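Below: the structure, in structure tokens.
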Amino acid sequence: MDTKSLLEFAEAVASGAVRVVDLTFTLSPDFPVIVLPPEFGQAAPVRIQRISHYDEAGPAWYWNNLTFGEHTGTHFDAPIHWFTGKDLPNNSVDTLPVRDMIAPACVLDCSAQAAQDPDFLLTIPIVEAWEKQHGRIPERRWVLLRTDWSKKGWHDYANLKDDGAHTPGPDAAVMRWLVEERGVLGFGTETIGTDAGQAGHLNPPYPAHHFLHGGGRYGLQCLRNLDQLPATGAVIFAAPLKIQNGSGSPLRVLALVPAR
Amino acid sequence: MIEPIARPLRKNPLKRTRLPTLPPRARSRTAHGFTAAAAEGRFVLQRCGACSEFSYPARDACPVCLSAELSFVDAPRRGTLLSETTVRLPADVHFRERAPWRIGLVGMECGPTMVAHLHADCEEGLPVLMSLQIDNSGQAVAFAHPEHETPNMADERQWREMTADPKFRRILVTNGRSAVGQEAVAALKAAGATTVFVGMADPWKPFPGEDALRALQGVQIVPLDIADEKSVSDLAADIGGKVDILLNTTEHVRPGGLLNRRGANVMREEIDQAYLGFVHLAQAFGPVMRMRGADGVNSAVAWVNILSVYSLANWPAFGAYSASQAACLSLSHCLRAELRPGGIKVINLFAGPIDTEWFQTVPPPKVAPRAVANAIVSALKSGREDVFVGDVAEDVRQRLVDNPKAVERELGD
Numbered sequence: 113m114d115t116k117s118l119l120e121f122a123e124a125v126a127s128g129a130v131r132v133v134d135l136t137f138t139l140s141p142d143f144p145v146i147v148l149p150p151e152f153g154q155a156a157p158v159r160i161q162r163i164s165h166y167d168e169a170g171p172a173w174y175w176n177n178l179t180f181g182e183h184t185g186t187h188f189d190a191p192i193h194w195f196t197g198k199d200l201p202n203n204s205v206d207t208l209p210v211r212d213m214i215a216p217a218c219v220l221d222c223s224a225q226a227a228q229d230p231d232f233l234l235t236i237p238i239v240e241a242w243e244k245q246h247g248r249i250p251e252r253r254w255v256l257l258r259t260d261w262s263k264k265g266w267h268d269y270a271n272l273k274d275d276g277a278h279t280p281g282p283d284a285a286v287m288r289w290l291v292e293e294r295g296v297l298g299f300g301t302e303t304i305g306t307d308a309g310q311a312g313h314l315n316p317p318y319p320a321h322h323f324l325h326g327g328g329r330y331g332l333q334c335l336r337n338l339d340q341l342p343a344t345g346a347v348i349f350a351a352p353l354k355i356q357n358g359s360g361s362p363l364r365v366l367a368l369v370p371a372r
Numbered sequence: 002m003i004e005p006i007a008r009p010l011r012k013n014p015l016k017r018t019r020l021p022t023l024p025p026r027a028r029s030r031t032a033h034g035f036t037a038a039a040a041e042g043r044f045v046l047q048r049c050g051a052c053s054e055f056s057y058p059a060r061d062a063c064p065v066c067l068s069a070e071l072s073f074v075d076a077p078r079r080g081t082l083l084s085e086t087t088v089r090l091p092a093d094v095h096f097r098e099r100a101p102w103r104i105g106l107v108g109m110e111c112g113p114t115m116v117a118h119l120h121a122d123c124e125e126g127l128p129v130l131m132s133l134q135i136d137n138s139g140q141a142v143a144f145a146h147p148e149h150e151t152p153n154m155a156d157e158r159q160w161r162e163m164t165a166d167p168k169f170r171r172i173l174v175t176n177g178r179s180a181v182g183q184e185a186v187a188a189l190k191a192a193g194a195t196t197v198f199v200g201m202a203d204p205w206k207p208f209p210g211e212d213a214l215r216a217l218q219g220v221q222i223v224p225l226d227i228a229d230e231k232s233v234s235d236l237a238a239d240i241g242g243k244v245d246i247l248l249n250t251t252e253h254v255r256p257g258g259l260l261n262r263r264g265a266n267v268m269r270e271e272i273d274q275a276y277l278g279f280v281h282l283a284q285a286f287g288p289v290m291r292m293r294g295a296d297g298v299n300s301a302v303a304w305v306n307i308l309s310v311y312s313l314a315n316w317p318a319f320g321a322y323s324a325s326q327a328a329c330l331s332l333s334h335c336l337r338a339e340l341r342p343g344g345i346k347v348i349n350l351f352a353g354p355i356d357t358e359w360f361q362t363v364p365p366p367k368v369a370p371r372a373v374a375n376a377i378v379s380a381l382k383s384g385r386e387d388v389f390v391g392d393v394a395e396d397v398r399q400r401l402v403d404n405p406k407a408v409e410r411e412l413g414d
């Protein structure tokens, strides 16, 4: 691409000809985080502690100290997050290739199924049906699962029952297929994880984590505004914080969408 | 006979909130023998080791035989009200605001004569029962009660000054998820609390007892995660001026000491929940409570901490938890001193293992959550400052008095 085209792109963003959709939840202390049995180590919740607020601790300035786990809020999973990806090269957020941080997305609208069944699982036939309509998923694409889950109140969003969370996600076969047969760059969801709430009972357990990270691919979760994206044609900007040997990070996820 | 107190009216916003004043404070170091007993609800007098005579007030030598062998020992509570005086225009600001104020001379059956604050149902010439109380300035004073229970006796004006009775008060229970929290809410409502605000962290996480808690009359569920500074200050902005009693029921128990844990994450969670949570609560709610110490029938009156008795002596099986509790104990003494100008009591309730999930593998005796809740209400009603609930806590307390080093060794075995 020449300079002129790149500048035209920047001008299209500035003019609104390319719309920028924010796919990110606000990073706040009350946003649900993944819940593990209490005997496991826990993700530190988001905490925002004021250093000063134009007061005796800093008369002219306002700033905060932050603490949070790598997997809080809208966040990115790197391959090193899962045991299947632990030995891959460039598998952490500080070493993964920066070109992967900008990539097109295919958006699969399963909001109707998820509204019917909180344990809805994405399957290969559903993706094949999508491909009949929109064409084969090209390599190095984000596949984003739209469920409208992000529109729920946080109690229903986490949807915790006595037997764990009940939230939609992919089944094991489709994850393996997306990675091995379609070569996707990553998989993104609106829910707290890339996997379904009950994915610990699938084979293998947590198949999105298992196959994505084993294949050196990425995860995005706690996304919102997926309903504003076209089925194809959106470009995702997702650059995690450059945390040393980091397994993931909260991040700002933006989608670039043609305005018309 | 005492008229029952009426539920206070809403405040007149045109009137200034009266600031707290304190009764006279100076005491000798020896006299703190009474403070120690009053804090635990015991009645003691000095007794001479040489001639066995009881004496009062606190002295450094026996008034009968001049022996220096005086020690504070549990003493019989009975006496007779010899004379009474109603002070109508005291020179002291604190009592002037509360005049008329009745005091009297009580002849104790064990010998000495004591000057005491009087319950209104005490009559001259009749028997009384004596107790030591912590007054608003944090010092021990003698209080004479009628020999037998009388109607509405807890509502008596001078007695209510000595206590932190939940009746008609508004109470914040910081964590409604725990069994102790839920039992405390029920016990405080039963004790006549007007409103119980119940803190709820992560409202998206369901928990046992949630439906029952939400159905209780006079209970308001409020968002509160005490480990989050902003959550605490946001709640204080809403209800800080309406919290007369704050009960911190935060519970974060994890087993393990130093060497069998990898890294400091669990320690950090313990510190976040117990110590920093306490800091956040104190900074957000403490100043307004201290300012409201004389705010009528529902004045701000008490701050209650539930501490592990292992805050006093480390139990290595729960060693890091014990240390976080010790930090809270130390902080509670700081808070007690800083709330004193408001006349706010800081009550520490010490418990051994409570019968909850995290002490599952610990053999009995364990304290039932309901027993903790009842002990809290009892401490508030009697105005005690240090409360040991259950056999384990009482055992540790006694053994620490006898030989702290032995406690350290034995808890580590």
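Protein chains in written order, with this note's numbering: chain Z, 113 to 372; chain W, 2 to 414.
Yeah, the Cβ is synthetic: ideal placement off N, Cα and C, and Gly gets one too.
Just so you know, these numbers come straight off a predicted model, no measurement behind them.
Open item on the list: Run through chain Z and tell me which residues come within less than 7 angstroms of K231 (chain W), C-beta to C-beta.
Closed with: P141, I160
- [ ] Would you mind telling me which residues of chain Z sit closer than 7 angstroms to P207 (chain W), beta carbon to beta carbon, in chain order?
- [x] Within chain Z, the residues near P207 (chain W) are L272.
- [ ] Verify the CB distance criterion: does N176 (chain W) have a CB-CB separation below 7 angstroms to chain Z?
- [x] Interface with chain Z (7 angstroms Cβ-Cβ cutoff): N176 (chain W) is excluded.
Task: Sheet register partners of C218 (chain Z) (DSSP bridge) - done: Residue pairing by DSSP places C218 (chain Z) opposite Z:V255, Z:T344 in a beta bridge.
Open item on the list: Rounding to the nearest angstrom, what Cα-Cα distance links G413 (chain W) and C335 (chain W) in this structure?
Closed with: 29 angstroms
Open item on the list: Please report the straight-line C-alpha distance between L148 (chain Z) and L189 (chain W), rounded to a whole angstrom.
Closed with: 33 angstroms
Open item on the list: For chain Z, check one thing: does any of its Cβ atoms lie closer than 7 angstroms to the Cβ of N266 (chain W)?
Closed with: yes
Open item on the list: Taking 7 angstroms as the threshold (C-beta atoms), are L173 (chain W) and V244 (chain W) in contact?
Closed with: yes
Task: Endpoints, the alpha helix (DSSP H) within which M113 (chain Z) is located - done: Segment: none, M113 (chain Z) is in no alpha helix (DSSP H) and carries neither H nor E.
TODO: Tell me R60 (chain W)'s beta-bridge partners as DSSP assigns them.
DONE: Bridge partners of R60 (chain W): none, in fact.
Open item on the list: Can you check which of these residues, Z:V145, Z:R131, Z:S117, Z:Q228, is closest to P362 (chain Z) by C-alpha distance?
Closed with: Z:V145
Task: Sheet register partners of A350 (chain Z) (DSSP bridge) - done: Z:V365
- [ ] Give the DSSP-derived three-state secondary structure of S232 (chain W) in the structure shown.
- [x] helix
Task: Contact under 7 angstroms by Cβ, G241 (chain W) with V199 (chain W) - done: Going by C-beta atoms, G241 (chain W) is not nearer than 7 angstroms to V199 (chain W).
Open item on the list: Does the CB of W175 (chain Z) have a neighbour CB from chain W at under 7 angstroms?
Closed with: no
Open item on the list: With H, G and I counted as helix, E and B as strand and the rest as coil, what does DSSP make of E292 (chain Z)?
Closed with: helix
Open item on the list: Quick check on DSSP: helix, strand or coil for P224 (chain W)?
Closed with: strand
TODO: For chain W, find out if any of its Cβ atoms is closer than 7 angstroms to the Cβ of H183 (chain Z); answer yes or no.
DONE: no
Task: Straight-line gap, G298 (chain Z) to P209 (chain Z) (C-alpha atoms, nearest Å) - done: 13 angstroms
Open item on the list: Output needed for N439 (chain Z): all residues of its chain with C-beta closer than 7 angstroms, excluding positions within five of it in sequence on either side, in chain order.
Closed with: The structure shown does not extend to residue 439 (chain Z), since chain Z is modelled only from 113 to 372, so the question has no answer here.
Open item on the list: For a test of the three-state rule: what should DSSP assign to I104 (chain W), helix, strand or coil?
Closed with: strand
Open item on the list: Distance cutoff 7 angstroms, beta carbons only. Does G374 (chain Z) sit that close to anything in chain W?
Closed with: Here chain Z comprises residues numbered 113 to 372, so residue 374 (chain Z) is not present and cannot be evaluated.
TODO: Leaving aside the five residues before and after T250 (chain W) along the sequence, list all residues of the same chain whose C-beta is less than 7 angstroms from its C-beta, in chain order.
DONE: V174, T175, N176, S179, V181, G182, A185, I307
Open item on the list: Checking the sheet assignment: what are the DSSP bridge partners for Q134 (chain W)?
Closed with: W:V142
Open item on the list: Alpha carbons only, please: which of Z:D231, Z:A226, Z:R252 is nearest the one belonging to D260 (chain Z)?
Closed with: Z:A226
TODO: From the DSSP output, in three-state form, read off A277 (chain Z) for me.
DONE: Strand.
Open item on the list: In the DSSP output, which residue or residues are listed as bridge partners for L272 (chain Z)?
Closed with: Z:A277
- [ ] Tell me where the alpha helix (DSSP H) around I348 (chain W) begins and ends.
- [x] No alpha helix (DSSP H) holds I348 (chain W); the beta strand (DSSP E) holding it covers 346-352.
- [ ] Counting only runs of 4+ residues fully inside the segment 294-330 of chain Z, write out the alpha helix (DSSP H) ranges in chain order.
- [x] Complete alpha helix (DSSP H) runs here, min 4: 319-326.
- [ ] Leaving aside the five residues before and after V88 (chain W) along the sequence, list all residues of the same chain whose C-beta is less than 8 angstroms from its C-beta, in chain order.
- [x] F96, A100, P101, W102, R103, I104
Task: Contact under 7 angstroms by Cβ, A38 (chain W) with V45 (chain W) - done: yes
Open item on the list: Let me make sure I understand the geometry here. Which of W:V302, W:S300, W:A321, W:G210 has the alpha-carbon closest to that of R417 (chain W)?
Closed with: There is simply no residue 417 (chain W) to check, as chain W begins at 2 and stops at 414 in what is shown.
- [ ] Could you please give me the residues that DSSP links to T86 (chain W) through a beta bridge?
- [x] W:I104
Open item on the list: So with CB distances below 7 angstroms, who are the chain W contacts of H165 (chain Z)?
Closed with: Per Cβ cutoff of 7 angstroms: no residues; H165 (chain Z) is ~11 angstroms from chain W at best.
- [ ] For P152 (chain W), collect the residues of the same chain with a Cβ closer than 7 angstroms to its Cβ; drop the 5 residues on either side in sequence, then sort them by chain order.
- [x] M2, I3
TODO: For the segment 199-223 of chain W, enumerate the residues whose C-beta is nearer than 8 angstroms to any C-beta of chain Z, in chain order.
DONE: D203, P204, W205, K206, P207
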